[in-house]
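For reference, the structure is listed below as structure tokens.
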Amino acid sequence: MKPAPFDYAAPASLEAALALKAKHGDDAKFLAGGQSLIPAMNFRLVQAHLLVDLNGLADLDYVRRADDGRLRLGAMVRQRRLERDSAIAGHSPLIHETMPFVAHPQIRNRGTLGGCLAHADPAAELPVIAVALGARFKTQSTRGERWIAAEDFFRGMFNTDLTPEEMLVEVELPRLPPRTGTAFVEFARRRGDYALLGVAAVVTLDEKGVCQQARLVYLNAGDGPVNAKEAAGILRGEKPSAAVIEAASAKAAQAEIAPLGNVHASPEYQRHLARVLGRRVLRQAFDRAGSQGK
Amino acid sequence: MHDISLTVNGQSYERRVESRLLLSDFLRHELGLSGTHVGCEHGVCGACTILFDGQPIRSCLTFAVQANGHSLATVEGLAKSQSELHPLQEAFWEAHGLQCGFCTAGILMTLVPFLQENPDPSENEIREAISGNLCRCTGYQHIVDAVKLAAEKMK
Ligand SMILES: Cc1cc2nc3c(=O)[nH]c(=O)nc-3n(C[C@H](O)[C@H](O)[C@H](O)COP(=O)(O)OP(=O)(O)OC[C@H]3O[C@@H](n4cnc5c(N)ncnc54)[C@H](O)[C@@H]3O)c2cc1C
Ligand code: FES
Ligand code: FES
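Protein sequence lines correspond, in order, to chains X and R. Per the working numbering: the first sequence = residues 1 to 294. Per the working numbering: the second sequence = residues 1001 to 1155.
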């Protein structure tokens, strides 16, 4: 199938791109990697009057480490770079660990960080990772810029807090405290497919091995990333024994996620996966946090 | 309409294209390079894989206008001449790495840069490398054998 006709602009600067979006609003769409937008246009699920191609904006493709230890990533950083860049892997090993689960190498060569976040697919990995790591997003429009916490950015199925004239321009990742462990696991029918369910964990231990902070965030378990806060509450203040880990993942699986089911998995099966994968991801994250203390 | 200029397999082209023309259709219908196949047009099958500035991408998920100023490579550029195949093509032939051949161009274009980066790949690495390419005929085993053979030949 072929896309319906549209106009195409390849602005040479961020300002020019924002001006086009301010003028055309929802009638215009940014074209980043095109790896979600073009299939949707080929199916005619999406029709745009104007595509504003961001691929010429080299100044949105950067990885910078700030003096305070935060990492700043431009929206046009390709997913392949997220997978392979040693500065990203050193700062946030969770990203390096998760990227091979995102589509296929040929798609990651085009797909971008900003595009994946703005697309807000509940089954996508990067939104979940951003929430788990406590990232902040910078948006820009002709009216100025603003910052949004990853948690507040995702507003349901394919929906975000972005206004029609805004572009997502930067992702800022905090430096994780000492004795923090991270992990990601998912279950998919085939390599590179969207997962039936997945979960990321970020946990921090104190010197005595007691859990101080925990985040457990699920994909394909609701209409966006599902941050299981009650499960995190069960972990906080406890040593991560098998019983505590089981209680937390059972809580998330039974009471916090809201899986929608699909042709490959019933909601009951997704809840089963959430419980098993939750256990696995927590064990791994706590092991990693513990081995850092030594 | 947009005027674009690009190189494909080292040869320069200038064409006028509609914005909505997919790169896969541009290669096949405008340039007559029909070695690049089209299976699904939504990124799943990998038949349309080509090199864009040296990196494998889906040509069905890129517009022709986006190739302006870029350098592409397609399966037509692999063989040195009519009589001399690329060692990877030769290995596919010898090890029965294809049956109907529909998936082959996309798999070759995925594997050329892969073998440059990994001259001595393990079986797992090979399977991972072609995980984004569907083949409905071979069951993949002969493809894996062909890649191992190609790696030997290219040493
Ligand atoms: C076969 C296949 C398998 C896939 N499997 C997975 C998978 O397992 N997991 C996964 O997470 N993804 C998967 N994807 C999707 C892939 O990761 C996409 O690259 C990603 O979802 C979108 O990123 P993009 O840069 O290609 O964005 P585009 O497709 O260009 O854009 C997506 C949307 O975001 C908007 N947008 C883009 N950039 C910005 C910006 N900076 N500011 C504001 N709006 C913007 C666009 O207007 C559009 O609406 C798959 C895709 C395919 C084709
Ligand atoms: S035709 Fe492009 S991936 Fe199937
Ligand atoms: S040889 Fe027929 S699809 Fe691969």
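In this text, a Cβ means the ideal position worked out from N, Cα and C, and glycines have one as well. A quick note: this is a predicted structure, and the numbers were derived from the prediction, not measured.
{"query": "Considering only residues of the segment 171-257 of chain X, which uninterrupted alpha helix (DSSP H) runs meet the minimum length of 4 residues and lie entirely inside it, listed in chain order?", "result": "229-235 and 242-251"}
{"query": "For Val77 (chain X) versus Asn227 (chain X), is the C-beta spacing smaller than 9 angstroms?", "result": "no"}
{"query": "Would you identify the three-state DSSP class for Arg155 (chain X), choosing helix, strand or coil?", "result": "coil"}
{"query": "With a cut-off of 8 angstroms, do at least 3 Cβ pairs link the segment 184-200 of chain X to the segment 115-131 of chain X?", "result": "yes"}
{"query": "So if I measure from each beta-carbon to every heavy atom of ligand 2 and keep distances below 6 angstroms, which residues remain?", "result": "R:Val1038, R:Gly1039, R:Cys1040, R:Glu1041, R:Gly1043, R:Val1044, R:Cys1045, R:Gly1046, R:Ala1047, R:Cys1048, R:Arg1058 and R:Cys1060"}
{"query": "Gln79 (chain X) touches chain R at which residues, Cβ-Cβ below 8 angstroms?", "result": "Within chain R, no residue comes near Gln79 (chain X); the closest Cβ sits about 12 angstroms away, beyond 8 angstroms."}
{"query": "Would Gly56 (chain X) and Ala28 (chain X) qualify as a contact pair, given that the criterion is a beta-carbon distance under 9 angstroms?", "result": "no"}
{"query": "Mind listing which residues of the segment 1134-1154 of chain R have their C-beta closer than 8 angstroms to chain X's C-betas, in chain order?", "result": "none"}
{"query": "Tell me whether Met99 (chain X) sits in a helix, a strand or coil according to DSSP, three-state version.", "result": "helix"}
{"query": "Can you name the start and end residues of the beta strand (DSSP E) that Ser1012 (chain R) belongs to?", "result": "Gln1011 to Val1017"}
{"query": "Would you mind giving the Cβ-Cβ distance between Leu205 (chain X) and Ala285 (chain X), rounded to the nearest angstrom? I have them listed as a contact below 8 angstroms.", "result": "With a Cβ gap of about 10 angstroms, Leu205 (chain X) and Ala285 (chain X) do not count as contacting."}
{"query": "In whole angstroms, give me the CA-to-CA distance for Gln47 (chain X) and Phe158 (chain X).", "result": "16 angstroms"}
{"query": "Would you mind telling me which residues of chain R sit closer than 7 angstroms to Pro240 (chain X), beta carbon to beta carbon, in chain order?", "result": "Neighbours of Pro240 (chain X) on chain R: none; closest Cβ ~32 angstroms, over 7 angstroms."}
{"query": "With a threshold of 6 angstroms on Cβ separation, who are the neighbours of Gln213 (chain X) within its own chain once the five nearest residues in sequence on each side are excluded?", "result": "Thr204"}
{"query": "Near ligand 3, which residues have their beta-carbon less than 5 angstroms from any of its heavy atoms, given in chain order?", "result": "R:Leu1098, R:Gln1099, R:Cys1100, R:Phe1102, R:Cys1103, R:Cys1135, R:Arg1136 and R:Cys1137"}
{"query": "Taking 8 angstroms as the line, does the beta carbon of Thr112 (chain X) fall inside it for any heavy atom of ligand 1?", "result": "yes"}
{"query": "Could you please give me the residues that DSSP links to Glu145 (chain X) through a beta bridge?", "result": "X:Gln140"}
{"query": "So, is the C-beta of Phe6 (chain X) closer than 9 angstroms to a C-beta in chain R?", "result": "yes"}
{"query": "Could you name the residues of the segment 1037-1050 of chain R whose beta carbon sits closer than 8 angstroms to any beta carbon of chain C, in the order they occur along the chain?", "result": "Although the question refers to chain C, the structure presented lacks it and instead comprises the protein chains X and R."}
{"query": "Name, please, each residue of chain R whose Cβ falls closer than 9 angstroms to the Cβ of Gly114 (chain X).", "result": "Under the 9 angstroms cutoff, chain R gives no residues; its nearest Cβ is about 17 angstroms from Gly114 (chain X)."}
{"query": "Just checking: is the beta-carbon of Gly1132 (chain R) within a distance shorter than 9 angstroms of some beta-carbon in chain X?", "result": "yes"}
{"query": "Beta strand (DSSP E) containing Thr1110 (chain R): first to last residue?", "result": "Element bounds for Thr1110 (chain R): not the beta strand (DSSP E) but the alpha helix (DSSP H), Thr1104 to Glu1117."}
{"query": "Taking Val52 (chain X) as part of the beta strand (DSSP E), name the residues at either end of that continuous run.", "result": "Leu50 to Asp53"}
{"query": "In this structure, does DSSP put Val1008 (chain R) in helix, strand or coil?", "result": "strand"}
{"query": "With Pro1056 (chain R) as the anchor, note down where its beta strand (DSSP E) starts and where it stops.", "result": "Gln1055 to Arg1058"}
{"query": "Using a Cβ cut-off of 9 angstroms (strictly closer), state whether Ile257 (chain X) contacts chain R.", "result": "no"}
{"query": "With DSSP collapsed to three states, give me the class of Asp1120 (chain R).", "result": "coil"}
{"query": "Can you list the residues of chain X that His1029 (chain R) reaches, using a CB-CB cut of under 9 angstroms?", "result": "In chain order: nothing, as chain X lies at least about 12 angstroms away."}
{"query": "Applying the 10 Å Cβ sphere with the 16-neighbour rule, what's the burial state of Ser1131 (chain R)?", "result": "buried"}
{"query": "What does the alpha-carbon distance come out to for the pair Leu18 (chain X) and Ala10 (chain X)?", "result": "12 angstroms"}
{"query": "Tell me which same chain residues have a C-beta within less than 7 angstroms of the C-beta of Glu1018 (chain R), skipping the five on either side of it?", "result": "Met1001"}
{"query": "Determine, using beta carbons only, whether Gln1011 (chain R) comes closer than 9 angstroms to chain X.", "result": "no"}
{"query": "Quick check: the segment 160-168 of chain X against the segment 95-104 of chain X, are at least 3 beta-carbon pairs closer than 8 angstroms?", "result": "no"}
{"query": "With a CB to CB cut of under 6 angstroms and the five nearest residues on each side skipped, what residues in its chain are close to Val244 (chain X)?", "result": "Glu238"}
{"query": "How long is the line joining the alpha carbons of Tyr218 (chain X) and Ala1129 (chain R), rounded to whole angstroms?", "result": "27 angstroms"}
{"query": "Using only the alpha-carbon positions, how far apart do Gly1097 (chain R) and Arg1136 (chain R) sit?", "result": "12 angstroms"}
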